[in-house]
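The sequence shown runs 161 to 624 under this note's numbering.
For every residue, glycine included, the Cβ atom is placed at its ideal position computed from N, Cα and C.
Every value quoted in this text rests on a predicted model; they were computed, and no experiment measured them.
Structure record follows, encoded as structure tokens.
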Amino acid sequence: MRKATKRKHRGPLDKFVMSTPPDILKGRKDRKGVFGACDKDLRDKVCGAIARWFFDAGLPFNAVSHDSFKEMTKLIGQYGMGLKPPSQYELRFPLLQTEVANVQALLAPNREEWAVKGCSIMSDGWRDSVVQKDIVNFLVNSPKGSVFIRSKEVSEVVKDATMLFKLLDDMVEEVGEKNVVQVVTDNASNYVKAGKLLEAKRPHLFWTPCAAHCLDLMLEDIGKIAAVKTAMKKCMFINAYIYCRVSLVNMMRRFTDQRNLHRPAVTRFATSFITMTQFHLQQANLKKMVTSEEWEKSKWPKEAGARKLKQYILQEGFWRNIAYALKLTSPLVKVLRMVDGEKKPPMGYIYAAMDRAKETIAKSFKLKKVKYEKVFEMIDRRWDCQLHQPLHAAGYFLNPAVHYAHPADVCCEEVERGLYSCITKLVRDPIVQDKIMVELEVFKNASGLFGLPMAIRQREIKSP
């Protein structure tokens, strides 16, 4: 009799036969006792090989949590023995082209929605410090979500408003001008000029500065006030001194119940003020630390930097300046978190949020105008020229959560002028404009469908 040989390659019938699915194998209770040890040894070898590949390729360990990794391992197991891995050429050309086609197919529903509901083109600029290049990522946002379109290297054009305008204009052309409601960029002067050029060429869309960047600039302006600047410098010194010394970090955590002083946030200046908030919360604990027996017996009293740190922490003026800075900035940081969050679209809320932030600042100083009027001038300067946009006014007016709760605030000339400006700019047909005006009255009066109990209950729940 011919001796059986171990199969190393798939045969012609194997493509019609799939390995036993794992969910079926789970039901075989006797498998663990018979094959358990063998399975463990084999799995250890496979996992070891996968780990070595991760180490050799320098891949991040969290890549194993990607759905595509799990799908890959499942399909390799179903293929069985004899799998020929893809070559560099296959990865670079046919497989890449196939995946691009798959992604384009996945985006088809989004593109269909852009044509029906409109969309926003968003640019996100950053600098690669390793290769010293300026990069801009372009994304398109719609109710279905945000999708990445492409990245562009702009090192040679980032300072040229005309070239940036051409870049933005090309993106509008690719997405389709009739689909685009707004183009969002940061607030740098070159982008402001490029945005104005874009609006001049394409009068039926808006250029909108990034709200998060604008709010960060407000925080930067406030950070230049003498008392705030002094407090921030001292906080940054204390923070840097502690976190550069492991033993001091451990001591600090023992006194703060394992709380950290540094709290990263969405922007640079938000990080500074949120860190300042942590200092304010840990004021008593930090004072206890630098006056404790543990501190006196440690090496820190002999260090010049530590003596300076102790001096700052025990200064009452330092803590008064922190409290003053937080009264001015905490309401704005709250707005920034809302703008950068994903719980609800900020367009319909930012107008009201800015009004509420200013009210909170004024109340924190018991309406003594002399203490906050300079800051209000800083806020208004950024708000009026960058964030005070017709689209924000329209979103504010059409947000049922705000419209019906604060009708006097919404139905004013400033807000309605912004709404009518949006209608005129985005809707070209006068007949359609007239129909919109009729429907606006129905919305204002909460009549028709807007007055149904179900619609009323959803005002605060459903995203506008």
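Complete runs of the beta strand (DSSP E) confined to the segment 431-462 [at least 3 residues]: none
Compare the beta carbon distance of Val450 and Ile473 with 7 Å and say whether it is the shorter of the two. yes
Does the beta-carbon of Arg191 have 16 or more other beta-carbons within 10 angstroms, so that it is buried, or is it exposed? Its pLDDT being 47, under 50, Arg191 is placed unreliably by the model, and nothing is read from it.
With 16 other CB atoms within 10 Å as the buried threshold, where does Gln475 fall? exposed
Own chain residues within Cβ distance below 6 Å of Tyr158, not counting five before or after: Coverage of the chain is limited to positions 161 through 624, which leaves residue 158 absent and any answer about it impossible.
Look up Lys604 in the DSSP assignment and say whether it is helix, strand or coil. helix
Using only the alpha-carbon positions, how far apart do Asp201 and Gly208 sit? 11 Å
Assuming the contact rule is C-beta atoms closer than 8 Å, Leu358 and Gln342 should be a hit. Round their C-beta distance to whole Å, please. That pair is no contact at about 10 Å.
Distance, Cα to Cα, Gln418 vs Asn410? 9 Å
Around the C-beta of His226, are 16 or more other C-beta atoms found within 10 angstroms, so that it is buried, or is it exposed? exposed
For Thr322 and Leu267, I'd like the C-alpha separation in whole angstroms. The straight-line gap from Cα to Cα measures roughly 31 Å.
Short Cβ contact (7 Å threshold) for Val530 with Leu488: No, the Cβ-Cβ distance between Val530 and Leu488 is not below 7 Å.
Considering only their Cβ atoms, is the gap separating Val495 from Phe433 smaller than 7 Å? no
Exposed unless 16 or more other CB atoms sit within 10 angstroms - verdict on Lys523: exposed
Classify Thr542 as buried or exposed, calling it buried when 16 or more other Cβ atoms lie within 10 Å of its own Cβ. At residue 542 the sequence reads Arg, which differs from the Thr that was named. Here Arg542 is buried, its C-beta having at least 16 other C-beta atoms within 10 Å.
Coarse secondary structure for Met282, derived from DSSP in three states: strand
Gly237 to Lys244 span [Cα, whole Å]: 13 Å
Alpha carbon to alpha carbon, how far is Val587 from Pro369? Take the alpha-carbon of Val587 and the one of Pro369: they are about 22 Å apart.
Pick from Pro567, His422, Asp376 that is closest to Ile398, judged by C-alpha positions: Ranked by Cα distance from Ile398, the first of Pro567, His422, Asp376 is His422.
Inter-residue Cα distance where the pair is Thr437 and Arg203: 49 Å
Am I right that Thr431 and Ala425 are in contact with their C-beta atoms under 8 Å? What's the rounded C-beta distance? For a cut-off of 8 Å, the C-beta gap from Thr431 to Ala425 is around 4 Å, short enough to register as a contact.
Go ahead and pull the three-state DSSP assignment for Ser247. Correct three-state label for Ser247: coil.
Per DSSP, Trp543 forms a beta bridge with which residues? Its beta-bridge partners do not exist; DSSP assigns none.
First and last residue of the uninterrupted beta strand (DSSP E) at Ile309: Under the DSSP assignment, Ile309 falls in the beta strand (DSSP E) whose first and last residues are 305-313.
Quick one: using the 10 Å Cβ neighbour count with 16 as the cut-off for buried, is Gln549 buried or exposed? buried
In whole angstroms, give me the CA-to-CA distance for Gly578 and Cys395. 42 Å
Thinking just about the alpha-carbon of each residue, which of Gly218, Arg310, Tyr484 is nearest to the one in Ala386? Tyr484
Use the C-beta contact count for Phe221: other C-beta atoms within 10 angstroms, 16 or more gives buried, fewer gives exposed. exposed
Per DSSP, which residues does Asn399 bridge with? Please list them. Its beta-bridge partners do not exist; DSSP assigns none.
Nearest neighbour of Val260, chosen from Gly218, Met282, Glu273, Phe308 [CA to CA]: Phe308
If you measure from the CB of Phe433, is any heavy atom of the ligand ZN nearer than 6 Å? The ligand ZN is not part of this structure, which contains no ligands at all.
Gln342 - DSSP class collapsed to helix/strand/coil: DSSP places Gln342 in the strand class (E or B) of the three-state scheme.
Label Leu375 either buried or exposed according to how many other C-beta atoms from any shown protein chain fall within 10 Å of its C-beta, with 16 as the threshold for buried. Around the CB of Leu375, 16 or more other CB atoms lie within 10 Å, so the residue is classed as buried.
Beta-carbon proximity list for Pro506, same chain, < 7 Å, skipping 5 on both sides: Ala371, Met498, Val499
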